[in-house]
Amino acid sequence: MLSAVQDAKEKTGAVIAAAKSLKKSLMRHLFTYGPVPAGAAESVPLAETEIGLVPEGWEVVRLGEVTGGTQYGLSLRGNQQGRYPILRMSNLIDGRVKTSDLQYVDLDEDGFTKFRLNEGDILFNRTNSFELVGKTALFCLCDDFVFASYLIRVVPDTASLVPEYLNYYLNWDTSQIRLKTLASRGVSQSNINATKLRGFSIPRPPLPIQQKIADILSTIDKKIESEENKNKAIDELFKSLLHNLMTAKIRVNHLEMTQ
Numbered sequence: 001m002l003s004a005v006q007d008a009k010e011k012t013g014a015v016i017a018a019a020k021s022l023k024k025s026l027m028r029h030l031f032t033y034g035p036v037p038a039g040a041a042e043s044v045p046l047a048e049t050e051i052g053l054v055p056e057g058w059e060v061v062r063l064g065e066v067t068g069g070t071q072y073g074l075s076l077r078g079n080q081q082g083r084y085p086i087l088r089m090s091n092l093i094d095g096r097v098k099t100s101d102l103q104y105v106d107l108d109e110d111g112f113t114k115f116r117l118n119e120g121d122i123l124f125n126r127t128n129s130f131e132l133v134g135k136t137a138l139f140c141l142c143d144d145f146v147f148a149s150y151l152i153r154v155v156p157d158t159a160s161l162v163p164e165y166l167n168y169y170l171n172w173d174t175s176q177i178r179l180k181t182l183a184s185r186g187v188s189q190s191n192i193n194a195t196k197l198r199g200f201s202i203p204r205p206p207l208p209i210q211q212k213i214a215d216i217l218s219t220i221d222k223k224i225e226s227e228e229n230k231n232k233a234i235d236e237l238f239k240s241l242l243h244n245l246m247t248a249k250i251r252v253n254h255l256e257m258t259q
């Protein structure tokens, strides 16, 4: 039984690794050639821009030109209890907001209104280690959340930008390298301020193309998330089996152990 669980975990891990590798390749293709088949990439007319090659017809714009503003988060210490959950830099993982290990703050109505997150907001990690500074996540939760001071809220102008597209572009490896050139480095922390972020250049294809790129990458993300959830369930099963074995609820000779 334990060997079967171990085998399932290895297979799930391999699927996750393959899906993440595919996502990286897709991002490079989509942000260079657009949502065209791989075989058609060479026929896509490309333009040389300040951020590299992009398909002809795509604009290159400053982030500040296509967003409704940027905002620093709350300078309040979170607690284990409180009225509103506050998202911190540790809640931004792989482009998504994770609600594990939440802290809470109490705010009056004016404070909550000012810092309440809205669906489609982009959270930008402005202060962290050099490896993690610049990471972003899309807020797509319906509950009431606010955000901490080490984060910047970016509000995409949805007449110009699909929020999911922007989030994927900012998290692309090539964009992360470019963002890190904006960072001021300290002994243990690096920082990218809102002014530098607003001046960051991005490609802006037509909205239907933005949406198509976001949809393609979202499909991969859903597969990754599904497999990660499956992996967590396998881990819990493995721990449960080991616990039952250690407490003699299952006899050793009832389990097939790998050598």
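For the sequence shown, the UniProt record's numbering gives the first residue as 1, with consecutive numbering after it.
Ideal Cβ placement from N, Cα and C applies to all residues, glycine included.
Problem set entry | P156, DSSP secondary structure in three states | strand
Exercise. Which two residues bound the contiguous alpha helix (DSSP H) that contains Y168?
Worked result: P163 to N171
For this session: Within the segment 195-251, note down every full beta strand (DSSP E) run reaching 3 residues or more, in order along the chain.
Result: 201-204
Exercise. Rounded C-beta distance between F124 and I152? I'm assuming under 8 Å.
Worked result: 4 Å
Problem set entry | Exposure of residue 292, with buried meaning 16 or more beta-carbon neighbours within 10 Å | Summary: the structure shown does not reach residue 292, with the chain confined to residues 1 through 259, and so no result is reported for it.
Problem set entry | Under 7 Å between C-beta atoms of F130 and S175 | no
Problem set entry | Cβ contact check for the segment 101-112 and the segment 162-172: 3 or more pairs under 8 Å | no
Problem set entry | CB of F139 within 7 Å of CB of V187, strictly | no
Exercise. Opposite G52 in the DSSP bridges: which residues?
Worked result: T49
Exercise. Where T99 and N91 are concerned, what is the direct C-alpha to C-alpha distance, given to the nearest angstrom?
Worked result: 6 Å
Problem set entry | E109 - containing alpha helix (DSSP H), residue span | E109 to F115
Exercise. Does the separation of the CB atoms of L63 and I209 fall below 7 Å?
Worked result: no
Exercise. Run through DSSP, which three-state label would T174 get?
Worked result: helix
Exercise. Does DSSP classify F145 as helix, strand or coil?
Worked result: coil
Exercise. Do the segment 224-236 and the segment 15-24 make contact, defined as three or more Cβ pairs closer than 8 Å?
Worked result: yes
Problem set entry | Opposing strand residues paired with F130 [DSSP bridges] | Note: F130 sits in no beta bridge, so no partner.
Exercise. Roughly how many angstroms separate the alpha carbons of S160 and A8, rounded to a whole number?
Worked result: 44 Å
Exercise. What three-state label does DSSP hand G78 in the structure shown?
Worked result: coil
Problem set entry | Where G64 falls: helix, strand or coil (DSSP) | helix
For this session: Would you mind giving the Cβ-Cβ distance between F112 and Y150, rounded to the nearest angstrom? I have them listed as a contact below 8 Å.
Result: That belief does not hold up - the Cβ atoms of F112 and Y150 are roughly 19 Å apart, past 8 Å.
Problem set entry | Nearest-angstrom Cβ-Cβ length linking F200 and L217, presumed shorter than 8 Å | Not a contact, Cβ separation roughly 20 Å.
Problem set entry | Contact check, T136 vs N171, beta carbons under 7 Å | yes
Problem set entry | For L179 and R126, the rounded distance between their alpha carbons | 10 Å
Exercise. Beta strand (DSSP E) containing residue 266: first to last residue?
Worked result: Lying outside 1 to 259, the shown extent of the chain, residue 266 is not represented and no answer is given.
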